[in-house]
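Structure record follows, encoded as structure tokens.
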Amino acid sequence: MNRQTWGITPKIDEVDQFLLETPRARDVFRECHPEVCFWAFTGEAIQFSKLGEPRRGYWERVNALRTVEPNVYDHLWEATSSGLDGGGDDDLIDAFATALTAVGPQSQLQTLPADPIVDSEGLPMEIVYRSLSATE
Numbered sequence: 046m047n048r049q050t051w052g053i054t055p056k057i058d059e060v061d062q063f064l065l066e067t068p069r070a071r072d073v074f075r076e077c078h079p080e081v082c083f084w085a086f087t088g089e090a091i092q093f094s095k096l097g098e099p100r101r102g103y104w105e106r107v108n109a110l111r112t113v114e115p116n117v118y119d120h121l122w123e124a125t126s127s128g129l130d131g132g133g134d135d136d137l138i139d140a141f142a143t144a145l146t147a148v149g150p151q152s153q154l155q156t157l158p159a160d161p162i163v164d165s166e167g168l169p170m171e172i173v174y175r176s177l178s179a180t181e
């Protein structure tokens with residue numbers, strides 16, 4: 046387990062506990078990962094590292110977002126000029142990717158793996174992404 050994952054383990058436990066205590070929330074709160082979202086939006090893996098090549102990585106990801114939301118530049122400008130603190134540009138881009146996944150039509154949601162298993166508590170072990178080629 047990497048350091049970043051270890052650092053958010055308490056938050057993961059909180060979400061799991063909430064889902065166990067609130068079964069109706071299981072269809073609303075689902076796990077996704079920004080890099081999987083970018084892949085799904087473009088149909089190919091992101092080429093540039095957001096840390097190793099931050100400018101190229103940033104613009105590659107913004108262009109991936111544009112495949113789903115043509116006005117993403119306006120949204121990014123509004124978010125960055127409104128005084129949001131606490132995160133970097135890469136965090137903002139990742140948040141947009143997961144938000145654009147969440148607001149898409151249910152018919153476009155797919156999972157990795159395609160047929161998720163459940164953990165010992167009955168919670169699905171899946172990563173959700175938005176397939177733009179799926180029926181709207």
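If you want the numbering used here, it's the 1-based position in the sequence shown plus 45.
C-beta: ideal position from N, C-alpha, C; glycine also.
Mind checking whether residue i and residue j have CB atoms under 8 Å apart?
i, j, result
"Gln153", "Leu177", "yes"
"Gly149", "Arg111", "no"
"Ser94", "Gly88", "no"
"Thr91", "Glu76", "Just to set this straight, residue 91 is Ile in the shown sequence, not Thr. Cβ distance not < 8 Å, so Ile91 and Glu76 don't count as in contact."
"Ala186", "Phe83", "Nothing can be reported for residue 186: it is not among the residues displayed for the chain, which extend from 46 to 181."
"Phe86", "Val117", "no"
My output table needs one value for residue i: the three-state DSSP class, helix, strand or coil.
i, result
"Leu154", "strand"
"Val81", "helix"
"Val60", "helix"
"Arg48", "helix"
"Asp200", "The displayed coordinates of the chain run from 46 to 181. Any statement about residue 200 would go beyond what the structure contains."
On the CB-based measure, 16 or more other CB atoms within 10 Å of its CB, does residue i come out buried or exposed?
i, result
"Leu65", "exposed"
"Val73", "exposed"
"Val163", "exposed"
"Arg100", "exposed"
"Ile138", "buried"
"Phe141", "buried"
- Query: Can you list the alpha helix (DSSP H) stretches of 4 or more residues lying completely in the stretch 101 to 135, in chain order?
  - Reply: Entirely contained in the stretch 101 to 135, the alpha helix (DSSP H) runs reaching 4 residues are, in chain order, 117 to 126.
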